[in-house]
Structures are given as structure tokens and as C-alpha cells.
Amino acid sequence: MTSRTTDRTPRSRSRSSRRPGRLRRLRRLTTSVLLSAGLCLGTLTAAGSAQAVDGTVVTSTQSGGRTVSFTFDDGPDPTHTPRMLEVLRKHGVKATFCLWGDHVRQYPHLVRSIVADGHRLCNHTMSHQDLGGWSQQQIRQNLEQTNAVIRQAAPGAQITYFRAPYGSWGQSPQVAASLGMQPLGWRLAINDWEPPGTSELVRRIVQGVTPGAVVLMHDGGGDRSQTVSAVDQAIPQLKSQGYTFDQPAVR
Ligand SMILES: [Zn+2]
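So in the UniProt record's numbering, spot 109 of the sequence shown is number 109, and the numbers just go up one at a time.
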């Protein structure tokens, strides 16, 4: 009896401490893999889970109904952003671009191209930081710096939205709202950070879209040629299903 009791105690203790450790390691590994690729962690965190006092994370289009909003993260990218802009222009679709401040500094002319084409801008932090554990003051500093470099690139540009990297919102929705930006989540992520082939991406977009959905895709942070081609093919298919293109809601 005694030995069983003493056996059980360490076992249950080690079991309970092992699990979080494994989770932490897994999370660290996942984060570092994605960080090194410079990508959004779209599916592991529910985008709409953070409800803020003054900043609801929107995941739907402005008009609702049979509309859809395309959003592109982690650019601008010197190769794939111009191609994406060309595709969107060809189909007459306006989208939203969530910009990484460091990339804006490198390629300011691409921000001007995005604005000139009538797309909307979204702040995506300076260096794709995970804001989960940051203070409001730290977040504010980062978001203001990102807005400053965007406005330096495209003077007078409106920055309508903010999107937290990895969907790790922390206290950022309140801060973004206080800076006049709508926190922007998503309803559909096509997981294009591990390019599975263009036709698979087309399938994920066309079959995954629901009325009023905001869709998360990437034009930066890696080779996005499959995403560009998939968007080119998916737009006509969605249009033929009666979808029109809208911007994400601003409340
Ligand atoms: Zn991102």
C-alpha cells in the first residue's frame, strides 16, 4: 500500500509536469520554424478569440452576404507583391495588404503601388513580433513605428487595419483601436506557408470560402508564386459562384 502510494505520487507529478514541457517545446519549435520562414500562424490560434473592450477582431466583410475579402500578409515582397497586384488589377479586385515594417523600409515603392491600386493597408508590426506577452506601451511603440514607416513610404496613406502576427493578439486589439486601426482577423486561412501546389490552394480557397469570409493568404515571407497563381484561378471561380469582393468590416 505504502509503496503504491509513493509510486503513484511521483508518477502523477512527473506526468503533469511532462505534458506542459512537451507542449512548450512543441510551441517553441513551431514558433521558431514559422518565425524562420517569416509566416503567419493562421490555424493554431483562433483569430476571433480576442474580444477587446474597444477593439473587436473582425473576421467578416463589410457588407456580408455573398461577399469575400482577400487579405495578404508579410509583404511587401519585391517579387510576389507586384505579381499579386497585377493579378488583382486584371480581375478588378480590391484587397487588403498587411505590411511588415522592415519590408516597408526595404521596398517603399511597393507600398505606393498598393495604395495607387486602391487596396487597403494593414499594420502587421515592424518585424513580425509575437505580441502575446507585451505591455500596451510596448505594443503601442511598435505599432506607431510601423505606421510611421508606412506613412513615410506612402505619405497620407490611411492604415485601416491591424493584424497581430501568429494571431497572437495579447493586448494589441485595444492598442490598435486606440490608434484608429480595426483589429483584423480571418475566417479562412489556406495555410499557404507550406506551398502544397497551386491546384490544392485553389481548392482550399474555393471550397473554404463562406459568405462574408475574410481570407488570410500571403504575398511575402517566402516563395508565394503558388499563392499568386491560385488567386488568379480562384477569383473567376468565386465570381461564377456569385461572390463579389469586398473589404473587411470596419466598426
Ligand atoms: Zn504574418
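Don't be surprised by glycine CBs; every beta carbon is placed ideally from N, CA and C.
Since we're looking at a predicted model, the values are computed, not measured.
Where R120 is concerned, the enclosing beta strand (DSSP E) starts and stops at R120 to N123. Contact check for T61 and G212: beta-carbon distance about 5 Å, within the 8 Å limit, so the pair qualifies. At least one heavy atom of ligand 1 sits closer than 7 Å to the Cβ of P165.
Secondary structure note for V215: its beta strand (DSSP E) is the uninterrupted segment A213 to H218. For T81, the enclosing alpha helix (DSSP H) covers residues H80 to H91. The beta strand (DSSP E) runs of length 3 or more contained entirely in the segment 102-176 are, from start to end of the chain, 120-123 and 159-162. V93 is positioned such that its CB atom lies closer than 8 Å to that of I235. Beta bridge pairing from DSSP links T244 with T67. H124 and G167 have their alpha carbons spaced roughly 11 Å apart. Burial is judged here by how many other beta carbons sit within 10 angstroms of a residue's own beta carbon; G118 has fewer than 16 and is exposed. In the DSSP assignment, L179 is bridged to no other residue.
In the DSSP annotation of this structure, the continuous segment of the alpha helix (DSSP H) that includes T198 starts and ends at T198 to G208. According to DSSP, L99 shares a beta bridge with G75 and N123. Excluding the 5 residues flanking it on each side, R187 has same chain C-beta neighbours closer than 6 Å at T59, A213 and V214, in chain order.
Straight-line spacing of the CA atoms in D77 and I114 works out to 12 Å.
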